[in-house]
Structures are given as structure tokens and as C-alpha cells.
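The sequence shown runs 21 to 779 under the working numbering.
All remarks here apply to the structure that follows.
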Amino acid sequence: MAEDGVKTSGCHESRLLIVGLGLIGGSLAAALRAVGFQGQIVACDPDEAEIARGIEMGLIDSGSTHLDEQVNDATMVVLAVPVLAMESVMASLAEALPNASADVVITDVGSTKATIRACAQRVFGRVPTNMVLGHPIAGSEKSGVAAANPRLYVDHKVILTPELNVDREALQRVRCLWEACGADVLEMDVERHDQVLARTSHLPHLLAFSLVDTLARQDERLDIFRYAAGGFRDFTRIAGSDPVMWRDIFIANKQAVLASLDDFEAGLSRLRHAVEAGDSDALIATFDRASHARHYFDSLLNKTSYQAEYHMQPQGKVTYRVQPGGQAQGRLRVPGDKSMSHRSIMLGALAEGVTEVKGFLEGEDSLATLQAFREMGVAIEGPHQGRVTIHGVGMHGLKAPAGPLYVGNSGTAMRLFSGLLAGQAFDSELTGDESLTKRPMGRVADPLRLMGATIDTAEGGRPPLKIHGGAKLKGIHYDMPMASAQVKSCLLLAGLYAEGETRVREPAPTRDHTERMLNGFGYAVSREGDTCWLKGGGKLTAGPIDVPSDISSATFFLVAAAITPGSDITLEHVGINPTRIGVINILTLMGANLALENEREVGGEPVADIRIRYAPLKGIDIPEEQVPLAIDEFPALFIAAANAEGVTRLRGAEELRVKESDRIQAMADGLAVLGVQHTVVDDGIDIVGNGDAQKASYGGGRVDSLGDHRIAMAFAISSLRASAEIVIEDCANVATSFPDFVELATRIGMGVSVEGAHE
């Protein structure tokens, strides 16, 4: 019977030969036994006692110290011997191989693939097509078959490094072998594998051996070890590993280990210099970068969400299951404004001095922006409960990142970064998650090229964006073809580095956070009518920022109260920037009972508490001039329309089709599932609502949010007027903008449960 958490074996080898019955080989046998593997398992090992112990433990059916005695009829051979013993074992195998099954597959478990590939080439003349090189990323300080652990590979990665001419069936059979043991199987080329493992496994072992040896040779070593804390134990635990095995690994993977050691010594030298010089900013920059990288590593190990994994598989799916009905009552403070959180980090990093930020949104998009600046050498403390301290480096103080800058799901970050990075002296690359790579970036790349920037995009003007540094930018006068705050902000940020004046004219008003915040940092931005402009060559001066609550996040609870009889919700400290209040204007036109209280100004941005109570809504023709002022709020407004008396018509909203999803079509598809009558047009939608508060406005069903956080949250609040349960798929990206959404929704009286998170 299979153990909990491990699937029944999908591996169907009739005779599996494991050469080397130590911890790795023994655990492979134990794992297969645990999942009901039906074939024979035999072994070869130079130690007769290990063979006897393996048989006694029930791990193998038979075995011996002679390889040729066990190869007969073998359908798969797993070489689990030390790296430096691999060539002699392969030579013995080559002689005995004619006695194996005609369809035999050979694989290995060595941790240095270039060395093992070279062994195969010397023994066989080339890597045979039925040989699949592999490496399970698992182990223990214990050794020998007695330490065999049937769960050693569960939820651990196994990296296969097949040659280009590998037999595809052989590759699939090796994949099935490891998946049967509960492993997560990946593929990469040999060189990449050896570089990655040198840095993440071999170098840490080398350092642990060195540190323990250094301390053990000191006179006071007994006191040192007696008083060492848990951190010392955790770091040096791996120094208890098999010395012979690690000697072989370091010799076999010498070049990659030396390269990683060079990088480490350079970093250590920088730290030593910072300590000697008392350079506080350099120390905090290094420690914060390391601290948050460690949190990211933790999130990958635990399969939780911190930032989407850079170049590996996508995050797991999250599903919301929302019960019909419920209440909408209470006082809430929703997270800080995402647009302003992005900009506070960007401008704070480029400013001279220290910027203190309060109310920072600790969502994944904003965290990705924060991490990107850490990777460019900016010292950033936090976030801690919405507080971030940024040690600015000045307009020209950013340093070239070691690799691509990852901005998660954030179109705002990618577009603003493209303008900022166009003026830097170094090359850079911007990448994002699967959703972001489908979104158009030509709208920023094209005008930046007019300014003199050199930018490469993927097909269709999509990410990743490769920006060539050192370009001499010149200011331009640009008439935007569409109203977009992201494009405007991108060009203004590039204009900071451009010669002369950069002017941007917008066809309709868009949010002006960038202009307001630049002025707040002492960089003059002028406006006249529909045009704003600035001159390049100035500087930014640090100052405090108090980020208001995000009106886009508040919108879901505004609509929740607007559609639910008996509701009364107050949302505190919400930003009511005139370029963002389209949702307030539209809800008011629909008849919502909405009032602004405690209006004030914080850091140049107007804020207020918003109280909203239920009142019957009526359908309207949404004024086109309000569309740019509510572009992110329309998914929630569509739900308001579905609960209003009569027809609500939206036009002039083509921009909605190129957000995280085609929001017009995605919402229309979901409304169709619920049974809401509607008609889609190219630039908008007509929605026929239910104005009867005495009955449910629509049914339930299963809705696909397409990974779009606003679609997911909009259908969650729709449940307040549904007659049946609504199941919303693909909701993981809600964490990008509103990590506390489910908690706050539950607090006001909604019934939301989450499935798939942290599984």
C-alpha cells in the first residue's frame, strides 16, 4: 500500500538494477517499494554487507558484488556510485550490457553532470541515446543503505540533463521512475546544471566544511562549540556529510566550483570593506537583499506565494468558493494604493537622502518593484507593517543588476521601469509572469525609441524588454494616441534623463500620481490643459510619503455595499485624487448613497473616508469622460450594473481589452455563467440589471478569472446577490494587489473559502 502523499507507482520496469546501494540507491528502492512497484529490484555494491542488509530490509530482491551477475534482463540501470568511480563502473557495464534487456535504459544520480557525460563519451564513444543523465536534489548526512528513506524524494526536485539526441521513450521512462517516488522532475542542459549546483549546493558545503574546520583548529574550540547558537548548528549541519563524496564532487566540478567561489570571495571582500569603512547603507543593502532572497527561497520550499518563480513552473492554482448572500457591514482600511507604492519606491531610490514611506502596499507587484531596486544596489529597509525606508542613491547611482529584473504581474512596474531604465548607463532586461508576457509594450517602447532609447521586445512588442544602456536621450513632444497614465509616467521618467524638455499630451485626463510625487520630491513638473512637461537634468530630494488606501481596492467594498440591502460600510483614508474618482462619480450617477467624510490632504494627495449605504441603483449610459478615471474599477462596476434597474451602457473602453486579461470579454463570460443578460461591443458592453432588491439578481456557477485579480474579486462580491454558490478559478494573483481581500470580505459578512493555497 502506498504511503500518504505518494502516488501509486507509474513506473513499469520489469527488472531495475541499482548500482551502488547507499543512501541514494537504497532510498530509491525504498520509495518504489512504498508505492507498490511490481518489478524486480536488484543491486550491485562492493560491500557484501550492504547487499545483505538491503535484502534483509526488503528493499531489494537480490544482489551481489559483481555487476555482470545482475545485468541479465535488466530493463533499467541506475548508477548510484561516487562520481570518481563512475567511469570504471560504466566500463564494467559496457562489457555486460549485451546481456541486458533489448530496451534497457541507463541513468545516474551524480551531482556533476559534465564529468559524468565525459565518462560516458570515453567509455561508449558518445553518450548512448538510451542514457539519461540525472540528479536527484536530495540527501542526508547519514549514509549507507540502513539510512534508506522512502520519502527522501517526495516534493524534491530531480533534474534530468538529457542530450539532444536522447531517445524520447527512454527519457519518459526515467521521468516516470522519479515521479513514482514523489519527485518534481525538471530538465536543463548539463552546463547550466553544473553552474546552478555549484552555487546552491557545492559552494555552501565547501564553506561549511571550511568554517567548522577553522573553528575546530582554534585553541578555544570547545568553548566556541559549547556556546554556539542554533544558527551555527543550522549552517554547519552539512559539514557532517560524507567527506569522500564531497572530495570527489569538488574535484569533478572544479571549474564551476571555482567560479562560484570567485563570486563569493568578491562579495565577501565588499562586505569586509563596508565593515571597515562603517558603510551602513552598503551593509543594509546586502543584508536586506539577502534576507528577502531567503524569504523567497522559503516560499519556494513551502510552495507558498511570495513572488512568482522566476524561470520555473507557474504558481499553483487558487480557487475561491463563495456562498450566496451575506452582509456588507463595517469599517475597513484597505491596502495602500498600488500605483503610489510603486512610484514611492522608484522615486525614493533615485532621490538624494532617505525616504520614509508609510502605508506601502505589501502585495506581490509592489514587492517585486522593491526587490528590483535592491538588485540594483539600493538599500531598502522593510516593509514592516506598511513602513519602508529607502536609502536613495541619486539619479545616477543605480548599479547594473546581475540578471533580468522580474516585475511579476505588474504592467505598471514594467512600463514605468522601461522609462527609468532607458536613461541608465547599463543594459537591463525586464521580465514578468506568464500573464504579463502577453501584454503589449509597444506603446511605451515606440515613444522611448523616438527619444533615442534602444529597446528590444519579443514578437508583437511584448515582454521581455531588453533595454540597451548608455543611450543619449532627447526630450520629445508626444501626443498619446490613447489615455494611459502608465505611458505618460514612463515618458516623464525617461524625461528626467533626457536633454531638453519632454512634453506629453493626453487625449483624456489620467491619474496624475507621478506628476504630484515628482513635485513632492522637488522636481518641477508643469501642466497646462491636457499637457504636462518637465526638463531633464534635475535631481530628486527625499521626503516622507504617506500612501493613501487604494481606491481600486476600496471599489470592491463600495460595490458590495451599493448592491446589498441593509449595508453600511465606511472605508478609511482612501485616496480621492481627481484623476481616480471615476468610480465614485459613476456610482453616484447610478444612485448610490455615498458620502465623503473627513476630507484632507496628505503629502499632496487628497484623501477621505468614504461611507456607502444601500440604495437602489439604476442603469445609466456611463459618460465617456469618466472611463479613463475608472479604468481599473470596471470589473466591479459591471457587478453594480448587474444589480441596477435597467441597462447600463459602457463605450470608449478599448483599454480594458489589454489589461491582465481582456476584461470586457472575461467579465462577459462570467456574467453569462451567472445568467446576466448582456451584449458585448468592441469598446464596451451593455448589461441588463435586476432592480428588484427582494430577489436574487442572478444564479451561481463556475467562473474562470483567467488569472486576473480584479475579475476574481469582482465575481467574489457578486455572490452577495446570487442565488447559488459561485466558484472562481485561478485566483492566485489577487495577492498581487490585495493580499488581505479574503480576510476583509469575511469581516464584512461574506462567506468566502479558499482552496489550493499552500498545497
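Ideal Cβ positions, reconstructed from N, Cα and C, are used throughout, including at glycine.
The structure displayed is predicted, hence computed values, not measured ones.
Separation of I604 and P460 (C-alpha to C-alpha, rounded to the nearest whole angstrom) is 29 Å.
Taking a cut-off of 8 Å for Cβ pairs, the segment 536 to 552 and the segment 509 to 528 touch, as three or more such pairs fall below it. Rounded to whole angstroms, the gap between the alpha carbons of G130 and M106 is 9 Å. Spatial neighbours of V152 in its own chain (CB-CB distance under 7 Å, excluding positions within 5 residues in sequence) are listed in chain order as V125, T127, L180, P182, V186, A190, L191, V194. Inter-segment contact for the segment 681 to 698 and the segment 645 to 663 is present: three or more beta-carbon pairs are separated by less than 8 Å.
For I400, the beta-bridge partners assigned by DSSP are I410.
For S359, DSSP records no beta bridge to any residue.
Of all alpha-carbon atoms in E376, V708, H593, H176, the one lying nearest the alpha-carbon of C201 is that of H176.
Non-local C-beta neighbours of L616 in its own chain, meaning closer than 7 Å and more than five positions away in sequence, comprise I596, A628, I630, ordered along the chain. Relative to the Cα of A445, the nearest Cα in the group V178, R435, M415 belongs to M415.
The shortest CA-to-CA distance from A433 to any of G611, A420, L450, P421 is the one to L450.
Q141: not part of any beta strand (DSSP E); member of the alpha helix (DSSP H) spanning 133 to 144, first to last residue. Note that the segment 70 to 82 does not touch the segment 94 to 114; fewer than 3 beta-carbon pairs, one per stretch, sit closer than 8 Å. In the structure shown, N119 falls within a helical segment according to DSSP collapsed to helix, strand and coil. Short of 8 Å from the beta carbon of D93, and not among the five residues preceding or following it, lie these beta carbons of its own chain, in chain order: S34, R35, N119, A120, S121. By the criterion of a C-beta distance shorter than 7 Å, G350 is surrounded in its chain by I589, R767, I768, once the five residues flanking it on both sides are discounted. Under the three-pair Cβ rule at 8 Å, the segment 713 to 732 does not count as touching the segment 398 to 410. Excluding residues up to 5 positions away in sequence, I258 lie with their Cβ nearer than 8 Å to the Cβ of P224 in the same chain.
Burial is judged here by how many other beta carbons sit within 10 angstroms of a residue's own beta carbon; R600 has at least 16 and is buried. Looking only at G721, E763, L657, the smallest Cα-Cα distance to I705 is reached by L657. C-alpha of E199 to C-alpha of G30: approximately 8 Å in a straight line. Here T339 is bridged, per DSSP, to E775.
For L36, the beta-bridge partners assigned by DSSP are I61, M96. When secondary structure is reduced to three states using DSSP, E395 falls in the helix class. When secondary structure is reduced to three states using DSSP, I705 falls in the strand class.
In terms of Cβ geometry, V708 and V667 form a close pair [threshold 9 Å].
Residue state for V377 is assigned as strand, using DSSP reduced to three classes.
Annotated three-state conformation of T256 is helix, per DSSP.
Shown here for M500: same chain residues with a beta carbon closer than 7 Å to its own, the five before and five after excluded, namely V507, K508, V524, R525, E526, P527 in chain order. L104: not part of any alpha helix (DSSP H); DSSP gives it neither H nor E. F393 sits close to A369, with the two beta carbons spaced by under 9 Å. D566 carries a strand assignment under DSSP once its states are collapsed to helix, strand and coil. One Cα belongs to D550, the other to L691, and the distance between them is close to 36 Å.
Between the C-alpha atoms of G46 and S311 there is a straight-line separation of about 36 Å.
It is roughly 7 Å from the alpha-carbon of G624 to the alpha-carbon of R536. Around the beta-carbon of I271, fewer than 16 other beta-carbon atoms lie within 10 Å, marking it exposed.
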